[in-house]
Amino acid sequence: MIPACSSFVGGRAFWHGAGDSGSSDVTLSASGSLTGTYLSSSCWPSSCRPTSGISSSVGTCSWYCEGSFNGSEKETMQVLNDRLASYLQKVRQLERENAQLESKIQEACQSQAATMCPDYQSYFRTIEELQQKAENARIVVHIDNAKLAADDFRTKYETELAMRQLVEADTSGLRRILDELTLCKADLEAQVESLKEELLCLKKNHEQEVSALRCQLGDRLNIEVDAAPPVDLNRLLEEMRCQYETVVESNLRDVEEWFNTQMQELNQQVATSSEQLQSYQSDIIDLRRTVNTLEIELQAQHSLRDSLESTLAETEGRYGTQLSQMQCLISNVESQLAEIRSDLERQNQEYQVLLDVRARLECEINTYRGLLESEDCKDILNYFYLLHLTPSKCSVNVS
Numbered sequence: 001m002i003p004a005c006s007s008f009v010g011g012r013a014f015w016h017g018a019g020d021s022g023s024s025d026v027t028l029s030a031s032g033s034l035t036g037t038y039l040s041s042s043c044w045p046s047s048c049r050p051t052s053g054i055s056s057s058v059g060t061c062s063w064y065c066e067g068s069f070n071g072s073e074k075e076t077m078q079v080l081n082d083r084l085a086s087y088l089q090k091v092r093q094l095e096r097e098n099a100q101l102e103s104k105i106q107e108a109c110q111s112q113a114a115t116m117c118p119d120y121q122s123y124f125r126t127i128e129e130l131q132q133k134a135e136n137a138r139i140v141v142h143i144d145n146a147k148l149a150a151d152d153f154r155t156k157y158e159t160e161l162a163m164r165q166l167v168e169a170d171t172s173g174l175r176r177i178l179d180e181l182t183l184c185k186a187d188l189e190a191q192v193e194s195l196k197e198e199l200l201c202l203k204k205n206h207e208q209e210v211s212a213l214r215c216q217l218g219d220r221l222n223i224e225v226d227a228a229p230p231v232d233l234n235r236l237l238e239e240m241r242c243q244y245e246t247v248v249e250s251n252l253r254d255v256e257e258w259f260n261t262q263m264q265e266l267n268q269q270v271a272t273s274s275e276q277l278q279s280y281q282s283d284i285i286d287l288r289r290t291v292n293t294l295e296i297e298l299q300a301q302h303s304l305r306d307s308l309e310s311t312l313a314e315t316e317g318r319y320g321t322q323l324s325q326m327q328c329l330i331s332n333v334e335s336q337l338a339e340i341r342s343d344l345e346r347q348n349q350e351y352q353v354l355l356d357v358r359a360r361l362e363c364e365i366n367t368y369r370g371l372l373e374s375e376d377c378k379d380i381l382n383y384f385y386l387l388h389l390t391p392s393k394c395s396v397n398v399s
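Be aware that the sequence shown starts at 1, since it is given in UniProt numbering, and climbs by one per residue.
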């Protein structure tokens with residue numbers, strides 16, 4: 001900000017600032033005092049601020065006579081002190097407002113921290129993740145145990161099924177053997193009956209032959225012939241009959257003994273087969289019960305696996321929903337924090353601007369005070385008075 005022109009009217013010199021939106025009107029009275037209205041802190045450039053012991057340069061200015069000098073240094077200092085007090089009061093008010101805003105921001109952050117617990121949020125997320133991992137691990141362990149149990153039950157079922165098939169095959173083989181033995185027994189009984197009938201037929205034939213021979217030998221003739229001693233036919237017949245009877249009896253005993261031994265062996269086999277059949281039937285019943293139990297347990301394990309899988313899916317969905325909600329909440333909190341940071345930065349910038357204004361005001365006040373207290377001020381006022389008499393454009397260098 002460089003003063004565009006100055007005027008000297010009625011003993012007062014006026015600096016009219018131009019080049020910016022702010023302006024300042026400072027009046028130098030004839031007695032060497034300064035009066036005026038300050039509108040901007042940047043009206044005096046650093047090259048045009050006169051200070052005691054520091055050379056200053058004043059640019060090309062136009063001076064116009066508008067009256068004589070009036071006012072007093074006390075009034076000027078009072079005005080400057082009042083304006084400084086008003087600016088300081090404004091600065092303090094802005095500082096108080098800034099402190100209030102900072103306290104409100106801190107309260108908002110604390111309340112938001114109390115509601116959201118941002119300090120422990122990471123720990124909570126870690127705990128939730130660990131709990132979810134533990135729950136997933138537990139569910140996986142349950143599923144693995146269920147799979148292992150199902151595999152064991154399936155292996156046992158296959159083993160028992162193979163044993164059942166073997167037992168059924170043995171039972172069917174024993175049944176075939178029993179049928180064969182039954183047929184063999186029937187054949188043997190038929191043979192025994194046929195042998196008995198044959199024996200009866202032989203006895204009848206033998207009796208008939210004996211009776212026929214007796215009838216033939218009934219009428220004997222006593223003929224004496226000088227010959228070899230005759231053969232005793234009766235004795236021979238008796239011997240033959242005895243031989244036949246012994247043969248028949250021995251055959252009958254052999255047949256009866258063979259039949260009895262075969263019947264005993266068959267009965268033993270039938271008894272053993274019946275016992276084995278009963279044991280096999282009981283084993284089959286037990287195996288069926290075991291198979292039914294294993295099937296029930298397998299269905300229960302399948303239902304447990306399905307329920308665990310559904311629980312796992314529900315848990316994953318629930319935790320996914322909670323995670324999305326937490327992410328939305330985190331994004332909202334981050335956006336709020338970004339807004340708060342931007343507000344803080346803006347307020348800090350405003351505060352820095354106010355501090356700069358305050359520093360400039362203090363610097364200008366010190367400059368004014370130095371001008372008022374310096375002895376060169378009277379020379380400047382006298383010079384202004386001379387310029388009042390002869391107005392013209394000039395260039396003034398003050399050292």
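Yeah, the Cβ is synthetic: ideal placement off N, Cα and C, and Gly gets one too.
Backbone secondary structure at residue i - three-state DSSP
i, result
"L84", "helix"
"S72", "coil"
"S374", "coil"
"L217", "coil"
"P3", "Residue placement at P3 is flagged as unreliable, the pLDDT there being 38, under the threshold of 50; the coordinate-derived value follows with that caveat. Strand at P3."
"A271", "helix"
Cα-Cα separation, residue i to residue j
i, j, result
"L361", "T367", "10 Å"
"A338", "S72", "54 Å"
"R289", "K156", "13 Å"
"L308", "I143", "7 Å"
"A313", "N136", "10 Å"
"L199", "A271", "32 Å"
"T311", "Q301", "15 Å"
"N260", "E297", "54 Å"
"N332", "S122", "16 Å"
"I330", "D356", "38 Å"
"V192", "Y244", "19 Å"
"A149", "M326", "39 Å"
"R92", "N81", "16 Å"
"E350", "L371", "31 Å"
"C201", "S282", "51 Å"
"L88", "E334", "37 Å"
"A190", "A169", "31 Å"
"residue 400", "C215", "In the structure displayed, the chain extends from 1 to 399; residue 400 sits before or after that span and is not available."
"V79", "C328", "58 Å"
"S250", "E257", "10 Å"
"S194", "R176", "27 Å"
"L217", "V247", "26 Å"
"A99", "Q131", "44 Å"
"D187", "Q299", "53 Å"
"A134", "L101", "46 Å"
"Q165", "N145", "30 Å"
"E374", "L354", "Rather than Glu, the amino acid found at residue 374 in this sequence is Ser. So the alpha carbons of these two residues sit roughly 29 Å apart."
Distance between beta carbons of residue j and residue i, contact taken as under 8 Å
i, j, result
"L237", "L213", "6 Å"
"E160", "L287", "6 Å"
"S273", "L174", "5 Å"
"I284", "V167", "6 Å"
"I105", "L344", "7 Å"
"H206", "R241", "7 Å"
Reference residue i; option with closest CA among the options
i, options, result
"Q262", "S331, C328, C184 and F153", "C184"
"E295", "V353, D152, E193 and L371", "D152"
"T293", "Q100, R154 and V353", "R154"
"E129", "Y351, E316, R369 and S374", "E316"
"residue 401", "L101, L178 and I365", "In the structure as shown, the chain starts at 1 and stops at 399, and residue 401 therefore has no counterpart that could be examined."
"A359", "K74, L84 and Q78", "L84"
"L304", "I139, S86 and Q89", "I139"
"E95", "A134, R369, Q352 and E364", "Q352"
"S211", "L323, D187 and N234", "N234"
"Q322", "K90, F124, E102 and V291", "F124"
beta-carbon residue i near the ligand PLP non-hydrogen atom, thresh 6 Å
i, result
"L94", "Of the ligands one can find in the structure shown there are none, so the ligand PLP has no counterpart to examine."
Contact with chain D by residue i, beta-carbon distance below 7 Å
i, result
"C328", "No chain D appears in the structure shown, which is made up of a single protein chain."
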